[in-house]
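K.L.:
My structure is below; once you've seen it, I'll send some questions.
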Amino acid sequence: MQSEAQNSPSLVVGVPRETMTGERRVALTPDVVRKLARTGFRILIEHGAGEGASFLDSMYTDVGAEIVPDATTLYKSSTVVLKVQRPTDDEVKALKPGSYLIAFLQPLVSPDLVVKLSEQRITAMSMDAIPRITRAQSMDALSSMSTVGGYKAVLLAANSLQKFFPLLMTAAGTIRPAKVLVLGAGVAGLQAIATARRLGAVVEAFDTRPVVKEQVQSLGASFVELEVGHEEAQDAGGYAKELSEDHIRREIELIRDHAAKSDVVITTALIPGRPAPLLLPEDTVKGMNPGSVIVDLAAEMGGNCELTVSGETVVRHDVTIIGQLNLPSTMATDASQMYAKNISTLLEHLAPKGQLNLDMEDAITRGIVVTRDGEILHGPTLAWMKGGVA
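Take any residue in the sequence shown, note its place counting from 1, add 90, and you have its number in our numbering.
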């Protein structure tokens with residue numbers, strides 16, 4: 091068994107202010123800080139780090155955290171740095187060699203960052219690499235943030251659609267409910283289904299994985315089915331994987347037929363480390379009713395819709411296409427609460443008695459450690475880089 095421990099009386103955990111434009115979340119919230127402080131962790135919070143999520147400095151000091159004036163001081167003083175977004179080049183340089191970093195690093199799409207963290211001799215752990223096993227569910231930050239994204243996507247669609255979502259009986263007659271098509275029935279898709287149903291819409295959902303049919307139907311939606319084998323549709327970790335060209339063609343045709351009858355289409359299809367699959371080509375958009383709305387949750391990875399513009403809302407062929415990025419940040423308070431609980435559960439797993447102990451034989455630890463002691467350890471990242479991407 092490989093392990094390492096810190097001999098300091100308490101593990102110093104630092105939370106900096108997020109620097110990415112538009113990011114309002116914070117890695118730890120006051121209620122989680124209180125719990126960690128009682129466990130024996132020393133918590134440093136950069137001044138103003140929680141303000142974007144409505145957590146003031148005084149709320150942190152009230153539960154035992156220390157406020158430090160700037161990021162430079164925080165990085166120099168911290169053994170473990172907790173972030174939401176991956177660090178900038180300047181932040182990487184500010185990290186102490188030999189320290190630890192936990193954040194959404196997205197190593198498959200930022201291999202240059204992985205190299206820099208390795209050169210800085212940082213033990214970097216990525217929250218988007220949490221393995222999908224039962225005992226890691228409480229650490230699964232991707233699922234938490236997908237829940238937020240799926241919920242907010244429906245609100246954006248409802249705000250843009252010039253129709254009611256629910257069936258209404260009025261003095262002016264009966265108003266039919268909106269029809270919503272959700273593409274992808276992962277965590278984001280299921281939350282979108284549930285939210286649209288709560289608002290009163292008639293919902294259909296499509297996914298290449300037949301195993302999700304029962305979950306879709308349990309939420310009151312209809313399942314749009316394409317015959318694809320279980321092994322073809324998802325990998326061993328339960329994530330969707332790329333299909334053959336013939337399956338993709340059939341899939342697009344099926345989606346086109348259902349999109350033409352829908353008022354709203356919400357797309358959530360992603361393949362880890364790869365561009366988002368194209369599900370809505372321009373011809374499909376052309377066939378949709380005027381005034382329809384598409385919310386593309388895959389916009390950051392190129393979009394599931396051919397006409398999506400990353401980070402923008404555009405109107406094409408009389409259809410509004412929303413490509414807004416980082417929806418969890420628009421609900422920063424609850425998103426931060428969820429993320430903080432995920433990351434603190436992981437931290438307690440790595441340091442059960444307040445002292446860091448990396449057991450590289452443990453599936454969770456092995457899965458999230460991207461760099462350590464100047465080496466790149468993350469298998470998928472190594473394979474990605476050997477393929478000439480880095």
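By construction, the Cβ of each residue, glycine as well, lies at the ideal position given by its N, Cα and C atoms.
These figures come from a predicted structure and were not determined experimentally.
Alpha helix (DSSP H) containing Lys476: first to last residue?
P.N.:
Where Lys476 is concerned, the enclosing alpha helix (DSSP H) stretches over 469-476.
K.L.:
Please go through the segment 369-428 and give each complete beta strand (DSSP E) segment of 3 or more residues, from N-terminal end onward.
P.N.:
As far as the segment 369-428 is concerned, its whole beta strand (DSSP E) runs of at least 3 residues are 383-386, 403-406, 409-412.
K.L.:
Please list, in chain order, all residues of the same chain as Ile157 whose beta carbon is under 7 Å from its beta carbon, the five residues on each side excluded.
P.N.:
Ile135, His137, Asp147, Tyr150, Thr151.
K.L.:
I'd like to know whether the C-beta atoms of Ser100 and Phe131 end up nearer to each other than 8 Å.
P.N.:
Cβ distance < 8 Å, so Ser100 and Phe131 count as in contact.
K.L.:
May I ask you to list the residues that DSSP assigns as paired with Thr111?
P.N.:
DSSP, once it has assigned bridges, lists no residue as partnering Thr111.
K.L.:
Please list the terminal residues of the continuous beta strand (DSSP E) segment that includes Met149.
P.N.:
Met149 -> not in any beta strand (DSSP E); alpha helix (DSSP H) instead, spanning 147-151.
K.L.:
Going by Cα to Cα distance, which pick from Asp463, Met475, Leu472 is closest to Gln210?
P.N.:
Nearest of Asp463, Met475, Leu472 to Gln210, Cα basis: Asp463.
K.L.:
Can you tell me the Cα-Cα spacing of Thr410 and Thr260, whole angstroms?
P.N.:
Distance between the alpha carbons of Thr410 and Thr260: 28 Å.
K.L.:
Report yes if the CB atom of Leu280 is closer than 8 Å to the CB atom of Leu316, and no otherwise.
P.N.:
No, the Cβ-Cβ distance between Leu280 and Leu316 is not below 8 Å.
K.L.:
Would you mind listing the alpha helix (DSSP H) stretches within the segment 247-305 that are 4+ residues and don't spill past its ends, in chain order?
P.N.:
DSSP runs (the alpha helix (DSSP H)) wholly in the segment 247-305: 277-288.
K.L.:
Examine the Cβ distances between the segment 191-204 and the segment 465-474 and report whether three or more of them are shorter than 8 Å.
P.N.:
Verdict: yes, contact present.
K.L.:
Return yes when the Cβ of Ala117 is within less than 8 Å of the Cβ of Ala453, no when it is not.
P.N.:
For Ala453 and Ala117, no; Cβs fall outside 8 Å.
K.L.:
In three-state terms, what does DSSP make of Val103?
P.N.:
In this structure, Val103 counts as strand in the three-state DSSP scheme.
K.L.:
Take the Cβ of Gln227 as the centre, count every other Cβ of all protein chains shown within 10 Å, and call the residue buried at 16 or more, exposed below.
P.N.:
Counting Cβ neighbours within 10 Å, Gln227 comes out exposed, since fewer than 16 surround it.
K.L.:
Given a cut-off of 8 Å, decide if Leu417 and Val238 are closer than it, judged by their beta-carbon atoms.
P.N.:
Cβ distance < 8 Å, so Val238 and Leu417 count as in contact.
K.L.:
Do you know whose CA, among Ala275, Thr298, Asp121, Lys183, lies nearest Gln307's CA?
P.N.:
The candidate whose alpha carbon is nearest that of Gln307 is Ala275.
K.L.:
How about Gly413 and Gly401: do their beta carbons lie closer than 8 Å?
P.N.:
Against a cut-off of 8 Å, the Cβ pair of Gly401 and Gly413 comes out as a contact.
K.L.:
Taking the alpha carbon of Pro367 as the point to measure from, which residue in Ala161, Met110, Leu273 has its own alpha carbon closest?
P.N.:
Checked all of Ala161, Met110, Leu273; the closest Cα to Pro367 is Leu273.
K.L.:
Where does the unbroken beta strand (DSSP E) through Thr483 begin, and where does it stop?
P.N.:
A question about residue 483 goes unanswered here, because the residues of the chain that appear run from 91 up to 480.
K.L.:
Quick check: the segment 243-256 against the segment 276-295, are at least 3 beta-carbon pairs closer than 8 Å?
P.N.:
Yes: the two stretches touch, three or more of their Cβ pairs being nearer than 8 Å.
K.L.:
Mind checking who Met215 pairs with in its DSSP beta bridge?
P.N.:
Its beta-bridge partners are Ile192, Val459.
K.L.:
Going by other Cβ atoms of all chains shown within 10 Å of its Cβ, with 16 needed for buried, is Ser529 buried or exposed?
P.N.:
The requested residue 529 does not occur in the structure, where the chain is confined to residues 91 to 480.
K.L.:
Determine the DSSP secondary structure at Ile454, reduced to helix, strand or coil.
P.N.:
Note: Ile454 maps to helix in three-state DSSP.
K.L.:
So that I know if they touch, is there some Cβ in chain C lying closer than 8 Å to that of Arg406?
P.N.:
Protein chain content of the structure displayed is limited to a single chain, and chain C is not contained in it.
K.L.:
Kindly indicate which residue of Leu440, Asp386, Met428, Arg107 has the alpha-carbon position closest to the one of Pro159.
P.N.:
Checking every option, the nearest Cα to that of Pro159 belongs to Arg107.
K.L.:
Given this structure, state the Cα-to-Cα distance separating Asp373 from Ile356, to the nearest angstrom.
P.N.:
Near 17 Å, if we compare the C-alpha coordinates of Ile356 and Asp373.
K.L.:
Cα separation between Ala278 and Asp230?
P.N.:
Going by the C-alpha atoms only, they are around 13 Å apart.
K.L.:
Figure out for me which residue from Asn447, Val293, Pro177, Asp353 has the closest Cα to the Cα of Thr111.
P.N.:
The candidate whose alpha carbon is nearest that of Thr111 is Pro177.
K.L.:
So, with DSSP's three-state summary, where would you put Leu440?
P.N.:
Note: Leu440 maps to helix in three-state DSSP.
K.L.:
What does the Cβ neighbour count give for Arg115, buried or exposed, with the cut at 16 atoms within 10 Å?
P.N.:
Looking at its Cβ environment, which holds 16 or more other Cβ atoms inside 10 Å, Arg115 is buried.
K.L.:
Of all the options Ile192, Val182, Val354, which has the alpha carbon lying nearest to the alpha carbon of Val460?
P.N.:
Considering only alpha carbons, the answer is Ile192.
K.L.:
Between which two residues does the beta strand (DSSP E) containing Val174 stretch?
P.N.:
Element bounds for Val174: 170-175.
K.L.:
Given Val204, which residues of its chain have a CB within under 7 Å of its CB, disregarding the five upstream and five downstream residues?
P.N.:
Cβ neighbours of Val204 beyond the five flanking positions: Pro197, Val460, Thr461, Ile466, Thr471.
K.L.:
Please name the residue, chosen from Thr398, Met475, His407, Lys125, that lies closest to Ser382 on a Cα-to-Cα basis.
P.N.:
Checking every option, the nearest Cα to that of Ser382 belongs to His407.
K.L.:
Are Thr213 and Tyr190 touching if we call contact CB-CB under 8 Å?
P.N.:
Yes, these two residues count as a Cβ contact at 8 Å.
K.L.:
If you drop the 5 nearest sequence neighbours on each side, which residues of the same chain put their C-beta closer than 8 Å to that of Leu369?
P.N.:
Cβ neighbours of Leu369 beyond the five flanking positions: Leu273, Glu341, Ile342, Ile345, Thr357, Ala359, Asn394, Cys395.
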